[in-house]
Amino acid sequence: MLMHRTPALRGMTLVELMVTLAVASVLMFAVMPSIGAWMRNTQIRNVTETVVNGLQRARNEAVRRNQPVRFSLVALTDAAVMDNSCAASSTAGSWVVSLADPAGLCATAASDTVAPFIIDSHPVADGGRNTVITALQADGVTAANSVTFDGFGRIASAAAITRIDINTNVTSADYRPLRITLTPGGSVRSCDPKVSSTTDPRHC
0 MLMHRTPALR GMTLVELMVT LAVASVLMFA VMPSIGAWMR NTQIRNVTET VVNGLQRARN
60 EAVRRNQPVR FSLVALTDAA VMDNSCAASS TAGSWVVSLA DPAGLCATAA SDTVAPFIID
120 SHPVADGGRN TVITALQADG VTAANSVTFD GFGRIASAAA ITRIDINTNV TSADYRPLRI
180 TLTPGGSVRS CDPKVSSTTD PRHC
């Protein structure tokens, strides 16, 4: 009877392993810039979406309750924790929806009976630590940190936020800053300042 030998399995040589690692390293370094840009752009989009949600929540609550409801941008000691260190800020991405000024009281639980009567809140660290926020009044120059909606959903406060620019803290042509605009009637939309075509729905 003839016996058939199973050929021995051959592993990788040291040279093959080094060549594989070198190729993998080159590929990794080639895609790293695009991964970094994708991550920063994702953070910009995350913050934009959460701020738009906060503004819409404030407006909807104002209409539902038929009373003024305030949206406030607040700075926190720890961007991940909504605590009583909060202060009104035109350059912060954390926000509070409430019936009264929430400064110094942001850790208060949502309540209709305890001031500042918080309805909702959100710390910016949830997906947006590297973002830069600039909130402005209607003149496009003067800083603003809050906006109040009336029972019809319209902007009812003086010196109200009408524009919020969201960018990243690193300058690069690869990043796509976004903008949130508010009309006197209270409608909220996000747009892309880099889009120049007026027929593009992303145009600001």
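For the sequence shown, numbering that gives the first Met the number 0 assigns the number 0 to the initial residue and increments by one for each residue that follows.
Glycine included, each C-beta is placed from N, C-alpha and C at the ideal position.
Item: To the nearest angstrom, how far is the alpha carbon of Ser196 from that of Arg63?; Value: 37 Å
Item: Who are the Cβ neighbours of Asp164 in its own chain at under 6 Å, not counting the five residues just before and after it?; Value: Thr133, Arg178
Item: For Ala108, which residues of its own chain have a beta-carbon under 8 Å away from its beta-carbon, when the five flanking residues on both sides are left out?; Value: Ile117
Item: Opposite Arg69 in the DSSP bridges: which residues?; Value: Ser97, Thr147
Item: Does Leu75 come out as helix, strand or coil in the three-state DSSP assignment?; Value: coil
Item: For Gly92, which option in Ser186, Leu98, Ala79 has the closest C-alpha, if you only look at C-alpha atoms?; Value: Ala79
Item: Looking at the secondary structure, which residues open and close the beta strand (DSSP E) in which Leu134 lies?; Value: Rather than Leu, the amino acid found at residue 134 in this sequence is Ala. Its beta strand (DSSP E) spans residues 130-135.
Item: Tell me the DSSP secondary structure of Ser120 in three-state form.; Value: strand
Item: Note down the Cα distance separating Pro200 from Lys193, rounded to an integer number of angstroms.; Value: 12 Å
Item: Excluding the 5 residues preceding and the 5 following Thr130 in the sequence, name in chain order all residues of the same chain whose CB lies nearer than 8 Å to its CB.; Value: Gln42, Ile43, Val46, Gly92, Val123, Ile165, Asn166, Thr167, Asn168
Item: Under 8 Å by Cβ, that's how I've got Val68 and Leu98 pegged, so tell me the actual separation to the nearest angstrom.; Value: 6 Å
Item: In angstroms, rounded to a whole number, what distance separates the CA positions of Pro183 and Phe70?; Value: 15 Å
Item: What's the gap between the Cα of Thr161 and the Cα of Arg188?; Value: 11 Å
Item: Short check: CB of Trp94 to CB of Gly152, under 8 Å?; Value: no
Item: With Arg188 as the anchor, note down where its beta strand (DSSP E) starts and where it stops.; Value: 187-190
Item: So for Asn59, helix, strand or coil by DSSP?; Value: helix
Item: For a quick check, are the C-beta atoms of Thr76 and Ser84 less than 8 Å apart?; Value: yes
Item: Of the residues Gly35, Met81, Thr12, Asn65, which one's Cα is nearest the Cα of Ser171?; Value: Gly35
Item: Quick check on this structure: which residue in Val50, Asp191, Ala61 has the alpha carbon closest to the alpha carbon of Asn144?; Value: Val50
Item: The beta strand (DSSP E) spanning Arg162 covers which residue range?; Value: 162-167
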